[in-house]
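*Asks:*
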Amino acid sequence: MLFRIALVSIGNEVLSGDTLNTNVRWLAEQCTTLGAVITEHRTIGDDVAVIVETIAELRHRCELIITTGGLGPTHDDLTVAAMLELFADELVLHQPTLEHIERVVAERGRMLTERLRMQAMVPASATVLPNRVGSAPGLLFDRSDGAAVIVLPGVPREMEHIMRESGLQWIAECIAAGGYEIIAEHVFVTAGVPEADLADRLEPLRTQLPPTVKLAFLPSASGVRIRLRARGRPGAVRLLLDQAVEPLRASLGNAVVSEKNERLVEVLQRECIARGKTVAVAESCTGGMLGMEITSVPGSSAYFLGGLICYADAVKIHFGGVRPETIAHYGAVSRQTVEELATYIRAAYGSDLAVAISGVAGPGGGT
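Per the numbering used here, the sequence shown starts with residue 271, numbered consecutively.
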């Protein structure tokens, strides 16, 4: 039997699409890595009755429910009220949380309001999961009458912090102590080879995989992730997966840039830092998206120097070192133009490596 987890996103702003729900993806990835299986995602509004009904139903169908959202200090943050009703509980003051809030408020030169103080009032039966990057703590309801419930803030940074500090460890311990089967996986991150070509390479091997090992192709703009996934007892399933990985690794060859299930920019950062190399960029049609992607990884300042956004041809010429005759003869979207851009940016920024991008991104088409 697998350790089953249901994810419940709470909030009118998520339900309406006003707020992009990145929490589900992060939680699903982290819990799957531990060997659990995500059985359901649900998104519901800020309504106590709906929250109570949803969680009560799910508690009979899985081992754990994780909710996000509805823990803030405003009138529409109703998750705690729903937990009180669901578990016939009452609020008590959690002194360590109050002291944390008082300390944060004092550091910011603000007054402790009753609204903020209420963040330290928690259901008596809950185990508090400290939130050191925000005010509302996470809550764990571990009960014998159904699935456990972990209640988290909806702010991604706070949710991730609480799970990393305490939630994920608790889940891992439950899986180990309960003797559950796990879902184990191995991911090849590839770049530069189309999905169809990769599929052709692996088809003879795919047909020879054991029935319990499943192969999936997960394409994205940066490349294709190839995932092997198997189910079984921890020791046996990892051995089975290791045996299945070796032939695929040999067949994929240098198409693989990582086996750590990481983004391409994370691979770039790791390899550049390991080799002592720096990078600068010049972007036309991407308008700074590459630089944003690079700097989204903590620690990127160790190798990324900066970049130029040169959308207009005049900017390419005056600030990017492209000769006017190059654009006149070959066009802005050409190998010659990006070569001149990359050469100039590398020299201007003093980087070891440079990336230049140009293309057609308007309504007339794309390249």
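For each residue, glycine too, the CB sits at the ideal point set by N, CA and C.
(1) Taking 6 angstroms as the limit between beta carbons, can you name the residues of its chain near V526, skipping five residues before and five after?
(2) Report yes if the CB atom of R329 is closer than 8 angstroms to the CB atom of I321, and no otherwise.
(3) Please classify M271 as buried or exposed, where buried requires at least 16 neighbouring CB atoms within 10 angstroms.
(4) Spatial neighbours of G448 within its chain, please: CB distance less than 6 angstroms, with the 5 preceding and 5 following residues excluded, ordered by chain position.
(5) Please classify Q539: is it buried, with 16 or more other beta-carbons within 10 angstroms of its beta-carbon, or exposed?
(6) Can you list, in chain order, the residues of its chain with a C-beta nearer than 6 angstroms to that of G620? Leave out the 5 residues immediately preceding and following it.
(7) Let me know the secondary structure DSSP gives V630 once reduced to three states.
(8) Using only alpha-carbon positions, find the residue among A306, H345, E455 and R413 that is nearest to D359.
(9) Going straight from the alpha carbon of V494 to that of L475, what length do you get?
(10) To the nearest angstrom, report how far apart G287 and F357 are at their CA atoms.
(11) How would you label E610, buried or exposed, when you count the other beta carbons within 10 angstroms and need 16 or more for buried?
(12) Specify the secondary structure class of R274 as computed by DSSP and reduced to three states.
(13) Which of the three DSSP states is assigned to F411 in this structure?
(14) Determine, using beta-carbon pairs with one atom in the stretch 398-409 and one in the stretch 423-438, whether at least three such pairs fall under 8 angstroms.
(15) For the stretch 541-612, which segments carrying the alpha helix (DSSP H) assignment without a break, of at least 4 residues, lie completely within its bounds, in sequence order?
(16) Express the C-alpha separation of I314 and H348 in angstroms, rounding to a whole number.
(17) Considering only C-alpha positions, which residue in the set A544, T397, N291 and G281 is nearest to A418?
*Replies:* To lay it out plainly:
(1) On the sequence shown, position 256 is the one that residue 526 refers to. F458 and T460.
(2) Here residue 329 refers to the residue found at position 59 of the sequence shown. Here residue 321 refers to the residue found at position 51 of the sequence shown. No, these two residues do not count as a Cβ contact at 8 angstroms.
(3) Reading the sequence shown from its first residue, position 1 is the one you call residue 271. M271 is exposed by the Cβ-count criterion.
(4) As a working mapping, residue 448 is identified with position 178 in the sequence shown. Here the set comprises nothing.
(5) As a position in the sequence shown, residue 539 is number 269, starting the count at 1. So Q539 ends up on the buried side.
(6) Along the sequence shown, one-based indexing puts residue 620 at 350. Nothing meets the Cβ criterion.
(7) In the sequence shown, residue 630 corresponds to position 360, counting from 1. In the structure shown, V630 sits in coil (DSSP, three-state: anything other than H, G, I, E or B).
(8) The sequence position of residue 359 within the sequence shown is 89, counting from 1. It is R413 whose Cα lies nearest to the Cα of D359.
(9) Numbered from 1 along the sequence shown, position 224 holds the residue referred to as residue 494. Numbered from 1 along the sequence shown, position 205 holds the residue referred to as residue 475. For V494 and L475, the distance between alpha carbons rounds to 18 angstroms.
(10) Walking along the sequence shown from the start, residue 287 turns up at place 17. Walking along the sequence shown from the start, residue 357 turns up at place 87. Distance between the alpha carbons of G287 and F357: 30 angstroms.
(11) One-based indexing of the sequence shown puts residue 610 at position 340. E610 is buried by the Cβ-count criterion.
(12) Position 4 of the sequence shown, counted from the first residue, corresponds to residue 274. Three-state DSSP puts R274 in a strand.
(13) Taking the sequence shown and counting its residues from 1, one reaches residue 411 at position 141. Strand.
(14) yes
(15) 559-565, 583-590 and 594-600
(16) Here residue 348 is taken as the residue at index 78 of the sequence shown, counted from 1. Here residue 314 is taken as the residue at index 44 of the sequence shown, counted from 1. Here residue 348 turns out to be Leu, not His, going by the sequence shown. If I take the Cα positions, the gap works out to 12 angstroms.
(17) As a working mapping, residue 418 is identified with position 148 in the sequence shown. Taking only the C-alpha atoms, the option nearest A418 is T397.
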